[in-house]
Amino acid sequence: MYDLVIKNARILDGTGNPCFPGSLAVQGQEIAWLGAGEPPPGKLRLDAENHILCPGFIDIHTHSDFTVLQCPTSDSKIFQGVTTELAGHCGYSLFPINPSTF
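Just so you know, we're using the working numbering here: the sequence shown kicks off at 531 and counts up by one.
Written out as structure tokens, the structure is:
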């Protein structure tokens, strides 16, 4: 039995192919099964009907190094599906913070 099963999703796998109907199973922190038809049993089952399941998005130009201090959980990014971002590349940043300047 898998830890998590997400069923009835429209899956975008990140390869550029069109989305396809299917389900996904997670064991630990890894995708352990992906396919169409009846999904395997899972401890937690989520029905993703009318939803898209895809890899997290990468935001390559952000200024979140300014906002992360106000909201360390970065909710606005997570709600948009962003799981990885690059910050501080414009030549200025709040980091590293020197504790002696507080």
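Ideal Cβ positions, reconstructed from N, Cα and C, are used throughout, including at glycine. Here the structure is a predicted model, which means the values were calculated and not measured.
Leucine 564 is a Cβ neighbour of leucine 554, given a cutoff of 7 Å.
Under a 10 Å Cβ-count criterion, tyrosine 532 is classified as buried, with 16 or more other Cβ atoms of the shown protein chains found around its own Cβ.
With respect to the 7 Å criterion, glutamate 615 and threonine 597 are not classified as neighbours on the basis of their beta carbons. Nearest in C-alpha terms to phenylalanine 609, of all of Phe587, Cys620 and Ala617, is Phe587.
Distance from the CA atom of tyrosine 622 to the CA atom of aspartate 595, rounded to whole angstroms, is 10 Å. Around histidine 581, the same chain offers Ala539 and Arg540 as residues with beta carbons nearer than 8 Å, after the five sequence neighbours per side are excluded.
Spatial neighbours of aspartate 589 in its own chain (CB-CB distance under 6 Å, excluding positions within 5 residues in sequence) are listed in chain order as Val612 and Glu615. Per DSSP, reduced to three states, the secondary structure at proline 585 is coil, with no helix or strand assignment. Each residue's CA atom was taken as its position, placing histidine 619 and threonine 545 some 27 Å apart. Between valine 535 and proline 569, the gap from beta carbon to beta carbon is short of 7 Å.
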